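For reference, the structure discussed in these notes is given below.
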Amino acid sequence: MPLTVRYTHVSEEFIVVPPSTKTVDVLVRGLKFRINEAKKRELGYILDLSSSRIGVNTFLFNFEDIPLPKGLSVVRSNLSTLVVKLDHKIRKKLPVQVVVSGKPETGYDLVGTGTEPRWVWVEGSKTLLEPLTLLKTKPLDIGNADETIRKEAVLDLPEGLLPLPSGVRISAKVLIEEKIITKAFKSVPVQGKNSAYDFSIAPSGAELIIKGPFKVLDTLTPETDFEVLIDLSGSSPGEYKRYATIRLPVEMVLVSAKPEWFTVKIHQPSKKAK
Numbered sequence: 001m002p003l004t005v006r007y008t009h010v011s012e013e014f015i016v017v018p019p020s021t022k023t024v025d026v027l028v029r030g031l032k033f034r035i036n037e038a039k040k041r042e043l044g045y046i047l048d049l050s051s052s053r054i055g056v057n058t059f060l061f062n063f064e065d066i067p068l069p070k071g072l073s074v075v076r077s078n079l080s081t082l083v084v085k086l087d088h089k090i091r092k093k094l095p096v097q098v099v100v101s102g103k104p105e106t107g108y109d110l111v112g113t114g115t116e117p118r119w120v121w122v123e124g125s126k127t128l129l130e131p132l133t134l135l136k137t138k139p140l141d142i143g144n145a146d147e148t149i150r151k152e153a154v155l156d157l158p159e160g161l162l163p164l165p166s167g168v169r170i171s172a173k174v175l176i177e178e179k180i181i182t183k184a185f186k187s188v189p190v191q192g193k194n195s196a197y198d199f200s201i202a203p204s205g206a207e208l209i210i211k212g213p214f215k216v217l218d219t220l221t222p223e224t225d226f227e228v229l230i231d232l233s234g235s236s237p238g239e240y241k242r243y244a245t246i247r248l249p250v251e252m253v254l255v256s257a258k259p260e261w262f263t264v265k266i267h268q269p270s271k272k273a274k
């Protein structure tokens, strides 16, 4: 039957830390129904630490100090001594860092995390707490996420550290945004319009560098989704240097276009043979 070791008279300046005895297994003799009743009561072994000091303290395990119900007796235990380690108790205010697991949906990025509160007071062992520079949460699953996640997080504290107040709630925010990429498209066809004459354009293709959401930009094709247009309205036969007008789908941003100028030759109509 397991007995929980309960510590009493611990100085306010001290804290019990691992490795310290938490339970003792004892073999008990008595009527079965009495033993079952004792198990339900979750009996404890009281250990007085009023005379204990910083470091490791050793105590003899005394059967007579076990609060067994009448009719039960201890035959033996798995331990003859109990070990209790004490450390100085301190408090420290630390920032909270969100830990995540998994990856967002394809085409989305994790761009940041945050918590409310941003800082939490922690109390515990000086040996554990003094070197810490931040507190981490237990991992939040962001697998296949395509939007910002807001949920309650749990602090992943080492044994012996407690948040203050003990019931502090951590609200975590994981910012998920659509991935923005830049992509180059070569040989995008250059078209002329509004000319009554035959014409030629050199070069016949443009190189466009475009920025936009990954899930959209990755599906676009130069032949069907972009327009590089030169307006030839009112132009008579001859050779010209012209800019092109570039039309892109919604959400797309033009980063650069090459060349800046195109050579347009508008051809004189051939004379009909008499």
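Anchor point for the sequence shown: position 168 equals 168 in the working numbering, and the numbering is continuous, going up by one each time. Beta carbons: idealized from backbone N, C-alpha and C, even for Gly. All figures in this text were calculated on a predicted structure; none of them were measured in a lab.
CB contact flag (residue i, residue j, <9 Å)
{"i": "PRO163", "j": "TRP121", "result": "yes"}
{"i": "VAL26", "j": "VAL74", "result": "yes"}
{"i": "ASP141", "j": "ASN194", "result": "no"}
{"i": "ALA244", "j": "ALA206", "result": "yes"}
{"i": "TYR45", "j": "LEU72", "result": "no"}
{"i": "THR106", "j": "VAL174", "result": "no"}
{"i": "THR137", "j": "VAL96", "result": "yes"}
{"i": "LEU60", "j": "LEU82", "result": "yes"}
{"i": "LEU47", "j": "TYR7", "result": "yes"}
{"i": "ILE266", "j": "SER235", "result": "yes"}
{"i": "ILE90", "j": "LYS126", "result": "yes"}
{"i": "THR115", "j": "ILE170", "result": "yes"}
{"i": "GLY192", "j": "VAL264", "result": "yes"}
C-alpha gap between residue i and residue j, whole angstroms
{"i": "ILE176", "j": "ALA145", "result": "7 Å"}
{"i": "PHE63", "j": "ILE35", "result": "16 Å"}
{"i": "THR16", "j": "GLU37", "result": "The question names Thr, but residue 16 in the sequence shown is Val. Taking the straight line from one Cα to the other gives about 30 Å."}
{"i": "LYS215", "j": "TYR108", "result": "9 Å"}
{"i": "PHE14", "j": "LYS85", "result": "10 Å"}
{"i": "VAL10", "j": "PRO117", "result": "31 Å"}
{"i": "ALA273", "j": "VAL228", "result": "The predicted model places ALA273 with a pLDDT of 42, which falls under 50 and marks its position as unreliable, so this point remains unresolved."}
{"i": "ILE209", "j": "LYS103", "result": "28 Å"}
{"i": "LEU129", "j": "VAL100", "result": "23 Å"}
{"i": "PRO237", "j": "ALA202", "result": "16 Å"}
{"i": "PRO269", "j": "SER187", "result": "29 Å"}
{"i": "LYS211", "j": "LEU161", "result": "48 Å"}
{"i": "LYS92", "j": "ARG150", "result": "27 Å"}
{"i": "SER50", "j": "GLU12", "result": "11 Å"}
{"i": "LEU94", "j": "PRO131", "result": "11 Å"}
{"i": "ARG29", "j": "THR21", "result": "24 Å"}
{"i": "SER77", "j": "VAL24", "result": "7 Å"}
{"i": "SER256", "j": "SER204", "result": "17 Å"}
{"i": "SER80", "j": "GLU152", "result": "44 Å"}
{"i": "LEU254", "j": "TYR197", "result": "31 Å"}
{"i": "ARG41", "j": "LEU31", "result": "16 Å"}
{"i": "VAL154", "j": "GLY143", "result": "18 Å"}
{"i": "PRO139", "j": "ARG247", "result": "45 Å"}
Selection from the options that minimises the alpha carbon distance to residue i
{"i": "HIS88", "options": "VAL56, GLU260, GLU251", "result": "VAL56"}
{"i": "PHE199", "options": "GLU178, GLU239, PHE185", "result": "GLU239"}
{"i": "ILE181", "options": "THR219, ALA153, ALA202", "result": "THR219"}
{"i": "THR221", "options": "ALA257, ALA184, ARG242", "result": "ALA184"}
{"i": "THR58", "options": "MET252, PRO139, LEU31, PRO19", "result": "PRO19"}
{"i": "MET252", "options": "PRO259, THR263, ASP225, ARG242", "result": "ASP225"}
{"i": "ARG242", "options": "GLU260, LEU254, GLU147", "result": "GLU260"}
{"i": "LYS179", "options": "GLU147, PRO213, ASP156, TYR197", "result": "PRO213"}
{"i": "GLU223", "options": "VAL98, GLY124, PRO249, PRO189", "result": "PRO189"}
{"i": "LEU135", "options": "PRO165, VAL98, GLY124, ILE246", "result": "VAL98"}
{"i": "SER166", "options": "ALA196, GLU123, TYR197, THR133", "result": "GLU123"}
{"i": "LYS70", "options": "SER52, PHE33, GLY143", "result": "PHE33"}
Legend entry - Runs of beta strand (DSSP E) lying entirely within the region 151 to 183, each at least 3 residues, in chain order: 161 to 164, 170 to 178
Inset, instruction - Output the residue ranges of the alpha helix (DSSP H) runs that lie fully inside the region 1 to 79 and measure 4 residues or longer, sorted by chain position. - result: List check, alpha helix (DSSP H) in window: 32 to 40.
Inset, instruction - At 3 residues or longer, and completely inside the region 196 to 220: list those beta strand (DSSP E) runs for me, N to C. - result: 199 to 202, 205 to 213
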